[in-house]
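A.B. asks: Before we start, here is the structure in question, set down as structure tokens.
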DNA sequence: GTAATAGTGTCTATAAGACAGTATCCG
DNA sequence: CGGATACTGTCTTATAGACACTATTAC
């Protein structure tokens, strides 16, 4: 009741046996674009609970490990990522019953990477592959384990939103890339068709977004100029996705 | 090494004594606008560590308590908030040494509320008051306890960004309010001056953002029309803050 | 009167949506 | 040839920034 009741609860925390056991994990929503579709890396669980169900990759946070470091370690373990991928914290999920075994608070991360050849089904899981998120949404495949449907949905929405005002779309591509390839990333992530001419004008009129290499690449028909990522990370004004009618 | 090494680590978690003790807390960045300044609610710590330092309000997450529920409970305890305040998860902070006593992972929340008369210095802390965030930034006052400077800075930036594309600014005001009062919220949060005429046009041209009551209020000089919050929560197009030069 | 504020109207620059049109290549 | 793609250019509309102007009130 006194002014340091707050402190007493902290002191209670100080005794390892005085507070309820909680595990802290990181879960990863790893997104990439494959064959024109936004895909998420999923792991098939080999044991209970949710045995046989697909789940986001993730794992325990080490005793003296930073949250970001744990996410980076898991990303490397699950994808064998060598190049630079984007990694950012997404949100935390801690419903008391989200894991039937014990109280688990999961700090979810969002990772964006260029098309990865091998899903690395070796290390930690029974199976691993990239699933188109559109298929998962349609209920065509069973729901994910735990609350991972929700986490993945939040991650996809974060990625969709960030394409509007950042240069993150370029992290889905290997350098160098063409303007049309960049446009197809936007189209895959947003699930819409964009006007090629207007998209091109918008991208090239944003200083420092992409840097022309001077090279060209033979595409399906014709030749397309090649670009690398520029220094600009924030888009002003934004490249807004088409709204579902006004 | 086998396909369920992942599972083994989960089973290890299942034994409460087999994983390192971690405490999960919620910390609140409670923002309000007082006297034209964006202010944050801070609590003066009455005990070690960081005794006497100002800190964000927060506390332990109950054994079977959801994260959001813990944040709502703490907000009610610390502010005595009766009316509707906005509350959303901000991010999680889990550097291994952020609390000298033990491993603590804090899930931070951002709360926005209308001007609150009494800081409620009674319940949990030695002292409590609203501090203008501009003063804290200038280093005019000592740094906050733990990593709360960082959390508060992240919360302020989140609030600033969300004013651009949501109707959240209205949660800083009691109804009914004038367009000028709403503008002063934007000016306080962003720390800039806005053009009154253009701001008015923008707000009134966004359908459903504010609803005229038909009443008027005597202001300093003259009469101003009164409005209440509308149903629109997302602003399209956004009300972008002035950028520090192009 | 002056100073400050609420509110209206207008001009201009910018940017986006729509679309015409050329050049190139594949089949 | 038709069809698809890379790329250029133009027209229209919507919006934001800047600013002129009136009305009202406090002092």
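Chains as they are written, first to last, in the UniProt record's numbering: chain A, 1 to 246; chain B, 1 to 246.
Note that the Cβ used here is the ideal one computed from N, Cα and C, for glycine as well.
(1) For chain B, check one thing: does any of its Cβ atoms lie closer than 7 Å to the Cβ of residue 106 of chain A?
(2) Counting only runs of 3+ residues fully inside the UniProt domain "Nudix hydrolase" (21-158) of chain A, write out the beta strand (DSSP E) ranges in chain order.
(3) Less than 7 Å between CB atoms is the rule here; does residue 64 of chain B satisfy it with respect to chain A?
(4) Determine the DSSP secondary structure at residue 171 of chain B, reduced to helix, strand or coil.
(5) Decide if residue 97 of chain B is buried, meaning its Cβ has at least 16 other Cβ atoms within 10 Å, or exposed.
(6) Anyone know if the C-beta pair for residue 51 of chain A and residue 44 of chain A falls short of 7 Å?
(7) Beta strand (DSSP E) containing residue 210 of chain A: first to last residue?
(8) Quick check: the Cα distance between residue 56 of chain B and residue 104 of chain B, rounded to an integer number of angstroms?
(9) By the criterion of Cβ-Cβ separation under 9 Å, what are the contact partners of residue 67 of chain A in chain B?
(10) Which of the three DSSP states is assigned to residue 231 of chain B in this structure?
(11) Can you tell which of B:212, B:185 and B:211 has its C-alpha closest to the C-alpha of residue 199 of chain B?
(12) So, is the C-beta of residue 24 of chain B closer than 7 Å to a C-beta in chain A?
(13) Mind listing the chain B neighbours of residue 243 of chain A? Cutoff is C-beta to C-beta under 8 Å, in chain order.
(14) Got a sec: is the Cβ-Cβ distance from residue 16 of chain A to anything in chain B below 7 Å?
(15) Could you give the residue range of the alpha helix (DSSP H) that holds residue 183 of chain A?
(16) Using 7 Å as the limit for Cβ to Cβ distance, is residue 207 of chain B near chain A?
(17) Which whole-angstrom value describes the C-beta separation of residue 155 of chain A and residue 70 of chain A, a residue pair presumed to lie in contact below a C-beta threshold of 8 Å?
(18) Put residue 238 of chain A into one of helix, strand or coil per three-state DSSP.
(19) Taking Cβ positions, are residue 75 of chain A and residue 114 of chain A nearer each other than 7 Å?
(20) Taking one C-beta from the region 210-219 of chain B and one from the region 170-184 of chain B each time, how about it: are there three or more such pairs within less than 8 Å?
C.D. replies: To lay it out plainly:
(1) Taking Cβ atoms only, chain B never reaches closer than 7 Å to residue 106 of chain A, which makes this a no.
(2) Unbroken beta strand (DSSP E) stretches of 3 residues or longer found wholly inside the UniProt domain "Nudix hydrolase" (21-158) of chain A: 23-34, 37-44, 58-60, 86-93, 104-112 and 127-132, given in chain order.
(3) Yes, contact with chain A.
(4) Three-state result, residue 171 of chain B: helix.
(5) Exposed, because fewer than 16 other Cβ atoms sit within 10 Å of the Cβ of residue 97 of chain B.
(6) Here residue 51 of chain A is not near residue 44 of chain A, since their CB atoms are 7 Å or more apart.
(7) Run containing residue 210 of chain A: 210-218, per the beta strand (DSSP E) assignment.
(8) Looking at the two C-alpha atoms, the distance is approximately 15 Å.
(9) Per Cβ cutoff of 9 Å: 92, 93, 94, 95 and 105.
(10) In this structure, residue 231 of chain B counts as coil in the three-state DSSP scheme.
(11) If we check each option's Cα against that of residue 199 of chain B, B:185 comes out closest.
(12) In terms of beta-carbon proximity, residue 24 of chain B lines the interface with chain A, with at least one pair separated by less than 7 Å.
(13) Near residue 243 of chain A (Cβ distances below 8 Å), the residues of chain B are 236.
(14) Here residue 16 of chain A scores only 48 on pLDDT, less than 50, and its place in the model should not be relied on; the value that follows carries that caveat. Closer than 7 Å: yes.
(15) Start and end: 179-190.
(16) Closer than 7 Å: no.
(17) The pair is not a contact, with the Cβ atoms about 17 Å apart (cut-off 8 Å).
(18) Three-state DSSP puts residue 238 of chain A in coil, outside helix and strand.
(19) Remark: C-beta atoms of residue 75 of chain A and residue 114 of chain A do not approach each other more closely than 7 Å.
(20) A contact exists between the region 210-219 of chain B and the region 170-184 of chain B.
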